[in-house]
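One line per chain: the protein sequences are A and B, in this order. For the first sequence, numbering that gives the first Met the number 0 begins at 0 and goes up steadily by one. For the second sequence, numbering that gives the first Met the number 0 begins at 0 and goes up steadily by one. Heads up, the beta-carbon is just placed ideally off N, CA and C, and yes, glycines get one too. Just so it is clear, the structure is predicted and the values come from calculations on it, not from any experiment.
Number of protein chains: 2
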Amino acid sequence: MSAEMTVRPKPGPRKRINDPEGMRNKVLDVAEDAFQARGYHASSIGDLMAAADVSGGALHHHFPTKKALALAVIDERVAAAVEETWIAPVLAAASAREGVRAVFEAVAAELEQQGFVRGCPLNNLAHELSLADPDFRIALAGIFAGWRQAIADKVRADQQAGRDEGTDPERFAALAVAAYSGAMSMAKTAQDASLLRDCLAGLERSAPSPSQGGLAARRRRRVLLRPKTL
Amino acid sequence: MSAEMTVRPKPGPRKRINDPEGMRNKVLDVAEDAFQARGYHASSIGDLMAAADVSGGALHHHFPTKKALALAVIDERVAAAVEETWIAPVLAAASAREGVRAVFEAVAAELEQQGFVRGCPLNNLAHELSLADPDFRIALAGIFAGWRQAIADKVRADQQAGRDEGTDPERFAALAVAAYSGAMSMAKTAQDASLLRDCLAGLERSAPSPSQGGLAARRRRRVLLRPKTL
DNA sequence: TTATAAACAGACCGGTTGTCCTGTTTTGTC
DNA sequence: GACAAAACAGGACAACCGGTCTGTTTATAA
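Shown next, in the form of C-alpha cells:
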C-alpha cells in the first residue's frame, strides 16, 4: 500500500457526527475496491482503515471480523455489480444472445478506454475465497447461479416467442458465463482487453441466427497503462 | 493448517544426506499443492516448511524469498501442468475440436471421481497474483499465451489438411481456453463438476462438424466430498 | 588428509496482522 | 434534563509473518 489518499490535516478535537449508514458504506466502498485490486488476504484492515479514514472502533462496530466485512462486500456489492453489468442488460435486450453480445462489447469498450483490466469482481473473490471458507463459497456460488439463471430464463423467454429453438438454456447460460469469466481472467493476466472480443467472436459463430454481423477490423490493441497502484 | 502429516518421531542426531535436487523438488511439490489449495498469501512459508519437513535454512538456500518460490512453481510446475493436461492431449488428438472435447471430458471425469474441485492451477494463481507483481503477471501471461497458441496451431494444421475451414484459429483457441477457465471457476465455486460438461455441450453446438455425437444423459451429480483439508 | 564451497539446521528479529478492550461522544426516548 | 443504547475513538496485545543470521554438516577436488 502506498497510494496517496485524501488525508485530513489533523485538526484538534473534531466535531463528530454519527452517520452509521454512511460510514458503513464508506467502508464497503473501500473494501470492495481493495478486495478487487489487491485481493482479500493482501488487503489488511489497517489499509482499509487508512483508506476509508475510519477508526478501528468504528470499523469493528459495523463489521466485527474481516470475514464479516468480506461477506458483506460479496452479498451487497459483488452481487449488485453482477446484477447491474450483466443481469439487467441481458433482460433488457432484444434476446439472450443479443444481450450477451452487448455486455461483452460494453465491457470490452470500457476496459479499452480505461486502459487497465482489473478483472471480474466475482471471479477474483471466488478464486481466492471459495476454497478457504464454506460461507464464502456458498455466497459466491449463489451469485454465479443467479447469473446463469437470469440468462437461461431469458433464453426460455425467447423460445416462448418462437426464437432460438435449438438452444439449451442452461448450457448456453453456462457457456456464456464461463466464456466471460475465462476471457476476463486472460484479459486481466495479459492486460489485453481484446481477448474479450476474440472470445465473443468465437461465441457468436455458434449462434444459429444467420445474421453474422460485420466482424469489425481485427484490432489487437495492447492496453497496459497506469495500474491504479504500484 | 491442521492436516495430519507424516511427522518423524524425533530421533537423535540424524544421519544427514545432502540431496539438493530432491529437497528442491519436495519443496516445490508442497508449494504447488498449497498454492493451489489455499492460495499464495494464505500459505505461509512456515506451513510449507512443516508440510515438507524442511528447515528454514534449507528452504532459504534453494528459494531466497517467497516470491522466488512462487515464480519457480509457476515456471516449472504450473506450466508443466498445462502442457500435460492440455497441450499434449490436444496436439495428439485427431483434430483441435476433438482434442478440446477430449480434455474437457477427461477433466470432468477426473473431478467427478475424486469428488472435489480444486480449480485450475493456472487460473487460481493468475487471479491472485497477476495484479500483485509484474513478474508474476508476465510469467502467468506467458503460459496462457502458449496454451492458446498450441490450440490455434492445431486448428491451422487441421485447415492445411482441408478440415474446419471456417474457423478462426486464434478466436477458437481463445474461446476454448476461456470456456475451460470459466467453467473451472464455476465448478470450483459450486463444487459441481457437471458445469464443465454443460459448457462443453454449449461449445460443441458451435462446431461446423455435422457429427453431433450423442449428448449423454444429463446427469447433474453434485460432488461435494472430503475437501483435502479442513 | 586438507581446503573449500555447497547444503542444511535452527534460532532470532523487526514488522505486521486481526482482534479485543476500555473509554468517550453522540443520539434517541421518556 | 436523565438515562440507555448506539456510534465511534484509539491504544494494547498476542500471534504470526517473511527474512536474516550464525553455525554445523556434507560433498568435492586437490
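{"Query": "How many Å lie between A:LEU27 and A:ALA160 at the Cα?", "Result": "42 angstroms"}
{"Query": "From A:GLY21 to A:ASP46, what does the alpha carbon distance come to, in whole angstroms?", "Result": "19 angstroms"}
{"Query": "Please report whether the beta-carbon of A:GLN190 lies at a distance below 9 angstroms from any beta-carbon of chain B.", "Result": "yes"}
{"Query": "Go ahead and pull the three-state DSSP assignment for B:SER180.", "Result": "helix"}
{"Query": "With DSSP collapsed to three states, give me the class of A:CYS119.", "Result": "coil"}
{"Query": "What whole-angstrom Cβ distance do A:ALA172 and A:ARG147 have, given they're in contact under 8 angstroms?", "Result": "4 angstroms"}
{"Query": "Go ahead and label A:GLY181 buried or exposed: buried means 16 or more other beta carbons lie within 10 angstroms of its beta carbon, across all protein chains shown.", "Result": "buried"}
{"Query": "In chain order, what residues of the same chain have a beta carbon less than 6 angstroms from the beta carbon of A:PRO62, not counting five sequence neighbours either side?", "Result": "As written in the sequence, residue 62 of chain A is Phe, which differs from the Pro given in the question. LEU68, listed in sequence order."}
{"Query": "Straight-line CA distance for A:ILE137 to A:ALA125?", "Result": "10 angstroms"}
{"Query": "Could you check how far apart the C-beta atoms of A:VAL72 and A:TRP85 are, in whole angstroms? I think they sit under 8 angstroms.", "Result": "About 18 angstroms separates the two Cβ atoms, so there is no contact after all."}
{"Query": "If you follow the alpha helix (DSSP H) that B:LEU202 is in, where does it begin and where does it stop?", "Result": "193-203"}
{"Query": "Counting along the chain, where does the alpha helix (DSSP H) carrying A:LEU68 start and finish?", "Result": "65-71"}
{"Query": "Here's a check: name, in chain order, each residue in its chain whose Cβ is nearer than 7 angstroms to the Cβ of A:ARG162, leaving out the five neighbours to either side.", "Result": "SER94"}
{"Query": "Of all the residues that make up the segment 147-174 of chain B, which are near chain A by a beta-carbon distance shorter than 9 angstroms?", "Result": "ARG147, GLY165, THR166, ASP167, GLU169, ARG170, PHE171, ALA172, ALA173, LEU174"}
{"Query": "Could you name the residues of chain A that B:SER129 contacts, counting a contact when the two beta carbons are closer than 7 angstroms?", "Result": "LYS187, THR188"}
{"Query": "May I ask which residues mark the beginning and end of the alpha helix (DSSP H) holding B:GLU111?", "Result": "95-113"}
{"Query": "With 8 angstroms as the limit, tell me which residues of the segment 113-128 of chain A have their beta carbon closer than that to any beta carbon of chain B; keep them in chain order.", "Result": "ARG117, GLY118, ASN122, ASN123, ALA125, HIS126, GLU127"}
{"Query": "Does A:ALA71 get closer than 9 angstroms to chain B when you measure Cβ to Cβ?", "Result": "no"}
{"Query": "State yes or no: is the C-beta of A:SER43 within less than 9 angstroms of the C-beta of A:ALA30?", "Result": "no"}
{"Query": "Which same chain residues end up closer than 6 angstroms to B:ALA186 when comparing Cβ atoms and leaving out the 5 residues on each side of it in sequence?", "Result": "VAL116, ALA192, LEU194, LEU195"}
{"Query": "Short of 7 angstroms Cβ to Cβ, which residues in the segment 43-60 of chain A face chain B?", "Result": "none"}
{"Query": "Just to confirm my understanding: we take B:ALA178, look at its own chain, exclude 5 residues before and 5 after, and list those with CB closer than 6 angstroms. What are they?", "Result": "CYS198, LEU202"}
{"Query": "Check the Cβ of A:ARG136 against every Cβ in chain B and list those closer than 8 angstroms, keeping chain order.", "Result": "THR188, GLN190"}
{"Query": "Taking buried to mean at least 16 other C-beta atoms within 10 Å of its own C-beta, is A:GLU127 buried or exposed?", "Result": "buried"}
{"Query": "Check whether the Cβ atoms of A:ARG37 and B:LEU130 sit closer than 9 angstroms, and answer yes or no.", "Result": "yes"}
{"Query": "Is the shortest distance between the beta-carbon of A:GLY201 and the beta-carbons of chain B less than 9 angstroms?", "Result": "yes"}
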